[in-house]
Each structure stands twice: as structure tokens, then as C-alpha cells.
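Numbers given in the numbering used here equal positions in the sequence shown, counted from 1, plus 3.
For glycine and all other residues, C-beta sits at the position ideal for the given N, C-alpha and C.
Since we're looking at a predicted model, the values are computed, not measured.
Okay, structure first, notes after.
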Amino acid sequence: PQHVVSMLLGGNAQLKGFFRRQKIENTAIEVLYTRTKTADFYRKELKKQVALELKKAESGKKSVLDEIPTAAGSNAKSSASHGTNSSSDHPVSPNGPNGP
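Here it is, written out as C-alpha cells:
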């Protein structure tokens, strides 16, 4: 469940948009993902947001899990009490590690 929330909050599109806002999107992929302070910042902030969304879901508050359909036709919210997570639209500060 934690991985699913991580993907919902910070998937490739989110990450690419974040790099674009930081004006480093043309840097080599292996450098972007592994050797930049910006990538480290993104990972740390994403981890915080995932934890926050998991707490929301576990306490019954609205979360990203509310938007995920299940096979039974409901949403994944009921899974929250069983250790599932939730997410938000913009998990990582658009300003990056250096602030506004």
C-alpha cells in the first residue's frame, strides 16, 4: 500500500514536472534520479507526504484512496484500516530544496 501511495503522489509525471519547475529537466536521467540535491529533496518530501496520507486514510479522513476504484465497485478507503495509504495532488513543494 505504501508503494501505491508513493506512485500516486509522486509518479513519473509528478517527478518530471518537479524537475521541469527546477529547470533541470534536461540533465541526464541517471544524474537527475540519483545524484542531485533536488532528487534527494523530492524523495524526502514524498516520504513525508506518503506518511501523512496514510495517517489520513487510517483515521477515516479523505485521502487519495477515496479516488481508487476497487473490484467491488467501491473505493479503496475501506482498505485504509488495513494499512493502506493515501495521497495529495502536489506532494512536493514546487519550489524545491532552495525555497521560493
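Query, Result
"Buried versus exposed, by CB contacts within 10 Å (16 or more), Ser9", "buried"
"Proximity of Ile104 and Thr37 at Cβ, strictly below 9 Å", "No answer is possible for residue 104: the residues shown for the chain start at 4 and end at 103."
"Buried versus exposed call for Leu49 [16 or more other C-beta atoms within 10 Å across all chains shown]", "buried"
"Separation of Glu56 from Gly63, as counted between CA atoms", "11 Å"
"Cut-off 7 Å between Cβ atoms - residues of its own chain near Leu35, not counting five sequence neighbours on either side", "Phe22, Ile27 and Ala42"
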